[in-house]
Each structure stands twice: as C-alpha cells, then as structure tokens.
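Below is one structure, written out as structure tokens, with a few remarks after it.
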C-alpha cells in the first residue's frame, strides 16, 4: 500500500507544490506523515487490517512529497553544483538506514500488548518534527527559479517527447524498477532456500546501506565523468548483481547480489535524477518532475506487486534472468548518449 500511495500521490503532490510552493507542499506532506503514523497505530491497536492499510496508504502520499526533496536541493544551482546537491540529499537515506531500524527496535513494545504500534507512533512524531525545520524554507534568492514565471514553459506533451527527458526518465524507471523488483523477492527467496529470517533481514540492511552509502561521492563522480556515464555504471552493477544471484543460492550469493544491487541503484537513480534536473527550465519543474515521479514510482509499485507472484510461480532464477535484458535495453541509448558528450560539462 505504501508504494501504491506513493505512485498515486506523485502528481497531486507536484500540483500542490506548483500552486503553493515547495514549503507549503512539504508542510502538507509532513502533516500527512503524522496522520499516517497515527492511523497505522490505531489499526494495530484496534486489530484492524483495513485501518492499518489506510495508514500505510497515507504514508505513501507522504512519501510522494518527500521523494522530491532531491529536486528541491537543485533550485538555483547549475552544473556540478546541482549534481552534488542531489547526492548530498541522498546521504539522508544512509542516516535513515542506520537510525530507522534502531528506532523500530527501541519503540516496538512502547505500547504494551500492541507490537510495533509504538514504532508507527514514533514515525508520526518524526514527521511532525520536520515542520519547524521546513518553516524557514525559502526559494533561493537570485535564482532562476525566482524568475520562472517570466519564461515560457513548454506543454507537458512537448517535455515528455523530448529525447533527453525520455532517456532520463527511462533510466530512472529501469534503475528503480529493477532494484525494487529484485529487493522485494530476495528475502522470500532467501527463506525459501533455507536461510534464516535474521539472515534475510541482515542482507536487506546491507543492501540499504549500499543504496545510500556511496552518495558521499556520487556527486563528485558525476561532476568528473558525467551523469550519463555514472548512470550507465549503475545499470552495469545491477546486471552484475543478477549474475551473482544466478551463480548460486548460498547466503554469500544473496548478500553479494543485494549489495551490488544497492550500489547500482545509487549510481543509476542519482544519475537519472541529475539528468532529469537538466532537462527542464525552472518554470517547467513542477510538470517535468511530477511526471517523472509518477512514471518511476508507478513502475516501482507494479514491480513490488509483481515480484512476489513471479517468485512463487517461476522461481528466483527467473526473477534475475529478467533483469539482464532490461539492463541491456537501457544501456544502448544511455551509452550512446554518454559517448556523444564531453566528460566534464
């Protein structure tokens, strides 16, 4: 339900921020995050699966606002500065990957008799704490965004059909979609092949750390080698993760595959994000970024739903065999584009 809410919420979130600005949009998002945690907590306390699902759906709406933080960091920046800003924002995911699981452990029994209700309540509090941080947010002084209304914005259909934008969105769709597809199936596959639940959980933790850990240097790599080249390397790493998974079902194969998958997502998705940010003017950002988010996270929702059923019907090997043609299909135009561009720009 989280991924479904995220996919459904991207276009409305973009419309709200286009109409009222990023600060108002992010505060609305934080309010939704607070409501989501409270509703999910109520669902656990009342033993109502429907109410709990409503809470996670609302959490998806909250995520629709949060996912655009990486674009907000680029307002008023150009070139390498924009690439580094995106990378720095993604470092927050590394902090979350460390703090999040610990917060769940500390609070899961905070409400006696209702396991994990306290964890969702703590999530609501964290969302609420974001409000005073967001209140001082202002549009960068002197940035191009300030004068966006003076620039004629292209219709959305024209943006969607521009080659650079299509390539950027497709790169993000493939990078994030494949990562979600494999990551969703991996824990079930590990348990199905005789590994413990704890081993599966630890594998996912290493995967998440690999997703966000390289963000400290991804921006520098894009500035030096170009965002298209970094994204292409990310796709190669995702393909490599599938090859490791196909080579065996020992715990080392699963963990190695998941770590490489996380590294590939980092390069592929951050590279794609920087490519999208380069493909539109400030006056087009709401439409362009919203459409990008809808396509990426719509794919993510479909991938997460499809992964489990495919694993059950066809097995772990089939999941990974499907990764390889998708990577190859995306690499052809991406490498061609990278080869036509200077290394530093």
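Residue numbers (the numbering used here): 372 to 716.
The C-beta atom is built at its ideal place from N, Cα and C for all residues, glycine as well.
From a predicted model like this one, the values you see are computed outputs, not experimental measurements.
- The C-alpha of residue 572 is placed about 42 Å away from the C-alpha of residue 711.
- Residue 698 and residue 619 have their C-alpha atoms some 21 Å from each other.
- Here the alpha carbons of residue 426 and residue 412 stand approximately 8 Å from one another.
- The three-state reading of DSSP puts residue 569 in helix, counting H, G and I together.
- Burial of residue 445 is indicated by the presence of at least 16 other C-beta atoms within 10 angstroms of its C-beta.
- Using a 10 angstroms sphere on the CB of residue 500, the tally of other CB atoms stays under 16, which defines it as exposed.
- Taking residue 550 as reference, the option from 484, 526 and 578 with the minimal CA-CA separation is 578.
- A residue is called buried once 16 or more other Cβ atoms fall within 10 Å of its Cβ, and residue 455 is buried on that count.
- Within the same chain, and ignoring the five residues on either side of residue 674 in sequence, the residues whose Cβ sits closer than 6 Å to its Cβ are 548, 551 and 552.
- Linking residue 680 to residue 430 through their CA atoms gives a straight-line distance of about 24 Å.
- In the displayed model, residue 529 falls within a helix according to three-state DSSP.
- Contact check for residue 668 against residue 467 fails: the beta carbons are separated by 8 Å or more.
- Taking a 10 Å sphere around the C-beta of residue 623, we find fewer than 16 other C-beta atoms and assign the residue as exposed.
- Ranked by how close their Cα comes to the Cα of residue 398, the residues 440, 625 and 531 have 440 in first place.
- Around the beta-carbon of residue 477, fewer than 16 other beta-carbon atoms lie within 10 Å, marking it exposed.
- A contact between stretches requires three or more CB pairs, one per stretch, nearer than 8 Å, and the segment 403 to 422 meets this requirement with the segment 481 to 488.
- Just measuring C-alpha positions, the residue of 606, 627, 641 and 650 sitting nearest residue 705 is 606.
- Comparing C-alpha distances from residue 460 to each of 394, 644, 649 and 696 shows the shortest one belongs to 644.
- Between the alpha carbons of residue 581 and residue 615 lies a gap of roughly 16 Å.
- Under the three-state reduction of DSSP, residue 649 is assigned to coil, being neither helix nor strand.
- Annotation for residue 612: the continuous alpha helix (DSSP H) segment containing it runs 598 to 617.
- Per DSSP, residue 394 is one residue of the alpha helix (DSSP H) stretching across 393 to 416.
- In terms of Cα proximity to residue 555, the closest of 424, 676, 392 and 375 is 676.
- Of all alpha-carbon atoms in 612, 392, 609 and 375, the one lying nearest the alpha-carbon of residue 507 is that of 392.
- Just so you know, the alpha carbons of residue 648 and residue 418 end up roughly 44 Å apart.
- In the structure shown, residue 372 adopts coil according to DSSP, grouped into three states.
- It is roughly 14 Å from the alpha-carbon of residue 689 to the alpha-carbon of residue 610.
- Cβ-Cβ separation between residue 586 and residue 458: approximately 5 Å, consistent with a contact (criterion under 8 Å).
- Judged by beta-carbon spacing, residue 492 lies within the 8 Å limit of residue 408, meaning their Cβ atoms are closer than that value.
- In its chain, beyond the 5 residues on either side, 643, 646, 647 and 650 have a beta carbon closer than 7 Å to the beta carbon of residue 539.
- Note on geometry: alpha-carbon atoms of residue 437 and residue 567 lie some 33 Å from one another.
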